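*Asks:* Chains as they are written, first to last, in the numbering used here: chain A, 18 to 407; chain B, 21 to 182.
All C-beta atoms, glycine included, are put in the ideal place defined by N, C-alpha and C.
Since we're looking at a predicted model, the values are computed, not measured.
Here you go, one structure.
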Amino acid sequence: MATTEKMTLNMGPQHPSTHGVLRMVLELDGEVITKITPDIGFLHRGVEKLSEHRTYHQVLPLTDRLDYLAPMSNNLGYILAVEKLLDIEVPERAQTIRIIMAEMTRLQSHLVWLACHALDIGAMTVFIYAFREREVVMETYELISGARMTSNFFRAGGLSMDVPPEFEAKVRKFAADMPGYLDQYEGLLTTNPIWLKRTVGNGVISAEDAIDYGITGPALRGSGVDWDLRRDNPYAGYENYKFEIPVGKNCDTFDRYKVRLVEMREACKIINQALDNLKPGPVLADCPQITYPPKENVYNTIEGLIHHFKIASEGYPVPEGEVYQGVEAPKGELGFYIVSDGTSKPYRMRIRPPSFVNLQAIEKMSKGSMLADLVAVIGTLDIVLGEIDR
Amino acid sequence: MAENNRAVIKLKEKFASSIVDVVEFRGEVTVTVTKSDIIDILSFLKSSLSFNLLTDVTAIDYLGKKTERFMMVYQLYSIPNKDRLRIKAAVAENECSIQSATQVWQTANWLEREVYDLFGINFENHPDLRRILMTPDWVGHPLRKDYPLQGPDREPYKGRLS
Numbered sequence: 018m019a020t021t022e023k024m025t026l027n028m029g030p031q032h033p034s035t036h037g038v039l040r041m042v043l044e045l046d047g048e049v050i051t052k053i054t055p056d057i058g059f060l061h062r063g064v065e066k067l068s069e070h071r072t073y074h075q076v077l078p079l080t081d082r083l084d085y086l087a088p089m090s091n092n093l094g095y096i097l098a099v100e101k102l103l104d105i106e107v108p109e110r111a112q113t114i115r116i117i118m119a120e121m122t123r124l125q126s127h128l129v130w131l132a133c134h135a136l137d138i139g140a141m142t143v144f145i146y147a148f149r150e151r152e153v154v155m156e157t158y159e160l161i162s163g164a165r166m167t168s169n170f171f172r173a174g175g176l177s178m179d180v181p182p183e184f185e186a187k188v189r190k191f192a193a194d195m196p197g198y199l200d201q202y203e204g205l206l207t208t209n210p211i212w213l214k215r216t217v218g219n220g221v222i223s224a225e226d227a228i229d230y231g232i233t234g235p236a237l238r239g240s241g242v243d244w245d246l247r248r249d250n251p252y253a254g255y256e257n258y259k260f261e262i263p264v265g266k267n268c269d270t271f272d273r274y275k276v277r278l279v280e281m282r283e284a285c286k287i288i289n290q291a292l293d294n295l296k297p298g299p300v301l302a303d304c305p306q307i308t309y310p311p312k313e314n315v316y317n318t319i320e321g322l323i324h325h326f327k328i329a330s331e332g333y334p335v336p337e338g339e340v341y342q343g344v345e346a347p348k349g350e351l352g353f354y355i356v357s358d359g360t361s362k363p364y365r366m367r368i369r370p371p372s373f374v375n376l377q378a379i380e381k382m383s384k385g386s387m388l389a390d391l392v393a394v395i396g397t398l399d400i401v402l403g404e405i406d407r
Numbered sequence: 021m022a023e024n025n026r027a028v029i030k031l032k033e034k035f036a037s038s039i040v041d042v043v044e045f046r047g048e049v050t051v052t053v054t055k056s057d058i059i060d061i062l063s064f065l066k067s068s069l070s071f072n073l074l075t076d077v078t079a080i081d082y083l084g085k086k087t088e089r090f091m092m093v094y095q096l097y098s099i100p101n102k103d104r105l106r107i108k109a110a111v112a113e114n115e116c117s118i119q120s121a122t123q124v125w126q127t128a129n130w131l132e133r134e135v136y137d138l139f140g141i142n143f144e145n146h147p148d149l150r151r152i153l154m155t156p157d158w159v160g161h162p163l164r165k166d167y168p169l170q171g172p173d174r175e176p177y178k179g180r181l182s
């Protein structure tokens with residue numbers, strides 16, 4: 018008689034479908050998964066420790082490198098937490114540009130998710146298309162901040178600089194074209210029998226379990242929980258925009274796919290509303306003790322130079338206290354918890370990464386399913402290891 | 021202000037003796053409680069006041085600043101009521117452990133592992149207390165204030181030499 022025994026299979030950290038350096042030790046019974054032990058930390062750079070030794074201004078570039086597929090969402094979360102501590106108001110134009118860029122970032126992040134998720138399952142065409150559109154977002158990043166990924170564009174009190182004149186037309190064209198592109202992706206996937214076979218009924222997690230595991234963002238909405246921080250605890254001026262929150266029903270990979278696609282359409286609507294609101298004006302709050310002076314003053318006046326030097330060398334003191342700011346990043350709730358002791362460096366900064374918490378549910382979602390379906394579940398969770406390992 | 025918070029009113033009724041401090045700062049309410057009652061309080065908040073989402077678990081190291089070195093921080097969120105609450109509990113260095121919140125929320129599993137890894141706080145009744153970000157054979161807990169920034173056995177960074 019043939020004997021059967023369980024097999025242990027190592028997946029990653031160098032594996033094309035683990036989306037970075039995620040390693041999983043799988044216990045298999047034939048092709049069925051009986052146990053998953055994720056192993057993370059390969060990309061740990063000690064961002065929380067580093068930030069305790071830097072001024073508030075110097076911490077900002079570190080946040081770009083958390084979720085490197087959505088840099089401006091990370092910038093936004095951190096800057097809002099610092100502004101909450103400082104208790105300062107941001108000019109309207111800066112707020113509007115922040116919203117435009119946060120939604121562009123959501124589109125960018127979801128495009129990479131769609132591309133990689135589809136590629137993992139075997140649909141290569143979508144990958145090429147989605148990266149074509151992502152390129153436009155990266156060009157916009159480059160246009161306004163000079164960098165394609167590590168934008169470092171927001172500042173406590175506003176933005177590092179105003180956007181160039183061609184920004185508005187570029188974004189408007191992108192937001193107008195995007196729904197058509199989305200139809201194109203949907204035409205390739207939504208009714209595609211192979212896509213349906215791989216996604217419907219795969220990676221099911223009930224709403225109750227999803228909350229118990231702390232899942233947030235599109236993954237939670239895919240399980241039918243109608244909750245979005247942009248609407249329910251508005252920040253950065255989201256209360257002035259009208260948009261729908263898509264919610265899934267069947268708690269599976271296909272519903273999460275649908276939720277994210279609708280979210281992308283809604284992001285285009287928010288961008289259009291924001292562009293209509295965009296009026297000329299200052300992009301930096303009038304608080305010289307926190308914000309850098311205009312470059313013109315730095316180069317031409319001694320006061321401006323001293324001002325710049327003081328902020329660059331010693332930073333600005335931040336009132337003692339502690340705040341938590343959660344934002345609806347593309348992957349879920351991204352939180353920054355900052356404890357200030359009244360000096361110019363954070364006493365403790367904690368980043369609540371959505372991917373880290375979401376990834377924890379992978380065993381619940383994939384236990385008992387086939388090995389090949391695990392790849393689809395990794396894709397649907399939309400993880401980024403830069404954020405998980407920090 | 022903080023006295024009018026729905027959770028603070030109920031907590032004061034039910035756990036009057038365990039509440040150490042209630043603070044409101046920038047509209048955020050923080051309740052500090054004694055460590056021995058932490059699980060009772062967290063499960064009460066979850067079951068009776070519908071704080072159903074445990075957003076985050078972390079710790080702060082107050083080395084040389086407070087008598088009890090560590091402070092555990094739990095960020096709670098209520099999806100039905102859309103409000104937040106922060107619960108804190110002090111943990112002394114010589115008795116460096118606290119009850120695990122995994123019995124209340126599954127989320128706490130990895131979040132507490134991270135605190136164990138980076139701060140060295142032990143969690144009683146945790147199902148799988150291992151290091152998570154650092155390698156299993158790592159010595160020390162990097163987020164402690166007495167852990168050097170540049171890592172063990174290395175010269176401190178002196179800035180760019182060129």
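(1) Which runs of the alpha helix (DSSP H), 4 residues or longer, sit entirely within the region 34 to 107 of chain B?
(2) When you check each C-beta in the region 85 to 115 of chain A against every C-beta of chain B, which residues fall closer than 9 Å?
(3) Name the chain B residues whose beta carbon is nearer than 9 Å to that of Lys327/A?
(4) What is the C-beta distance between Thr35/A and Ile395/A, in whole angstroms, given that I count them as a contact (C-beta under 8 Å)?
(5) So the alpha helix (DSSP H) Ile355/A belongs to, where does it begin and stop?
(6) What residues in its chain sit with their C-beta under 7 Å from that of Lys66/B, if we drop five residues either side in the sequence?
(7) What's the gap between the Cα of Gly140/B and the Cα of Thr52/B?
(8) Does Ile152/B have its Cβ less than 8 Å from a Cβ in chain A?
(9) Using Cβ-Cβ distances below 7 Å, what residues of the region 149 to 179 of chain B are close to chain A?
(10) Would you call Val40/B buried or exposed, if buried means 16 or more other Cβ atoms sit within 10 Å of its Cβ?
(11) Look at the alpha carbon of Glu261/A and the alpha carbon of Thr397/A, and state the distance between them as a whole number of angstroms.
(12) Beta carbon of Pro196/A, beta carbon of Cys285/A: below 8 Å?
(13) In whole angstroms, what is the alpha-carbon distance linking Leu62/B and Leu102/A?
(14) Report the neighbours of Arg242/A on chain B: residues whose CB is nearer than 7 Å to its CB, in chain order.
(15) Taking Gly175/A as the query, report the chain B residues whose CB atoms sit under 7 Å from its CB, ordered along the chain.
(16) Taking three-plus beta-carbon pairs below 8 Å as touching, is the region 44 to 54 of chain A in contact with the region 21 to 32 of chain A?
(17) At a CB-CB cut-off below 8 Å, which residues of chain A make contact with Leu65/B?
(18) Three-state secondary structure (DSSP) at Leu113/B?
(19) Take the Cβ of Trp130/A as the centre, count every other Cβ of all protein chains shown within 10 Å, and call the residue buried at 16 or more, exposed below.
(20) Would you report the Cα separation of Ser361/A and Ala79/B, rounded to the nearest angstrom?
(21) Determine, for Asp399/A, whether the minimum Cβ-Cβ distance to residues of chain B falls below 8 Å.
(22) What does DSSP give as the partner residue(s) for Thr318/A in the beta ladder?
(23) Determine whether the beta carbon atoms of Asp290/A and Tyr258/A lie at a separation below 8 Å.
(24) Which bits of chain D does Gly29/A rub up against, with CB to CB less than 9 Å?
(25) Is Glu345/A closer than 8 Å to Gly234/A when the C-beta atoms are compared?
(26) Candidates Pro311/A, Tyr316/A, Ile307/A, Met387/A: which alpha carbon is nearest Gly332/A's?
(27) Would DSSP call Thr397/A helix, strand or coil?
(28) Identify each residue in the region 255 to 274 of chain A for which the Cβ-Cβ distance to at least one residue of chain B is less than 7 Å, and report them in chain order.
(29) Counting only runs of 4+ residues fully inside the region 93 to 121 of chain A, write out the alpha helix (DSSP H) ranges in chain order.
(30) Only counting the same chain, and skipping five residues up and downstream in sequence, which positions put a Cβ closer than 7 Å to that of Asn101/B?
(31) Within the 8 Å Cβ cut-off, does Gly63/A reach chain B?
(32) Relative to the C-alpha of Glu44/A, which candidate in His74/A, Glu350/A, Gly403/A, Ser383/A has its C-alpha closest?
(33) If Arg123/A sits next to Pro347/A, beta carbons under 8 Å apart, how far is it from one beta carbon to the other, in whole angstroms?
(34) For chain A, find out if any of its Cβ atoms is closer than 8 Å to the Cβ of Asn129/B; answer yes or no.
(35) Can you check DSSP and say which residues form a bridge with Asp46/A?
(36) My parser needs the beta strand (DSSP E) runs of 3 or more residues fully inside the region 250 to 315 of chain A; what are they?
*Replies:* Considering the structure as presented:
(1) 58 to 68
(2) Lys101, Leu102, Asp104
(3) Within chain B, no residue comes near Lys327/A; the closest Cβ sits about 19 Å away, beyond 9 Å.
(4) 6 Å
(5) Looking at the DSSP string, Ile355/A is not in any alpha helix (DSSP H); the run it does join, the beta strand (DSSP E), is 349 to 357.
(6) Asn72, Val124
(7) 21 Å
(8) With its beta carbon less than 8 Å from one in chain A, Ile152/B belongs to the interface.
(9) Cβ contacts with chain A: Ile152, Leu153, Met154, Pro162, Leu163, Leu169.
(10) That one is exposed.
(11) 21 Å
(12) yes
(13) Roughly 27 Å between the two C-alpha positions.
(14) With the sequence shown as reference, residue 242/A is identified as Val, and Arg is not the correct amino acid for it. Near Val242/A (Cβ distances below 7 Å), the residues of chain B are Ile99.
(15) The premise fails here: Gly175/A is roughly 19 Å from chain B at the closest Cβ pair, so nothing lies under 7 Å.
(16) Contact holds: three or more Cβ-Cβ distances are below 8 Å.
(17) Under the 8 Å cutoff, chain A gives no residues; its nearest Cβ is about 14 Å from Leu65/B.
(18) Note on residue identity: the sequence assigns Glu, not Leu, to residue 113/B. Three-state DSSP puts Glu113/B in coil, outside helix and strand.
(19) buried
(20) 21 Å
(21) no
(22) Per DSSP, none; premise fails for Thr318/A.
(23) Checking the sequence, you will find Gln at residue 290/A rather than Asp. In contact: Gln290/A and Tyr258/A (Cβ atoms closer than 8 Å).
(24) Among the protein chains in the structure shown, which are A and B, there is no chain D.
(25) yes
(26) Taking the Cα of Gly332/A as reference, the smallest distance to any Cα among Pro311/A, Tyr316/A, Ile307/A, Met387/A is reached at Ile307/A.
(27) helix
(28) none
(29) Unbroken alpha helix (DSSP H) stretches of 4 residues or longer found wholly inside the region 93 to 121 of chain A: none.
(30) The residues are Ser70.
(31) Closer than 8 Å: yes.
(32) Ser383/A
(33) 5 Å
(34) yes
(35) Val49/A
(36) none
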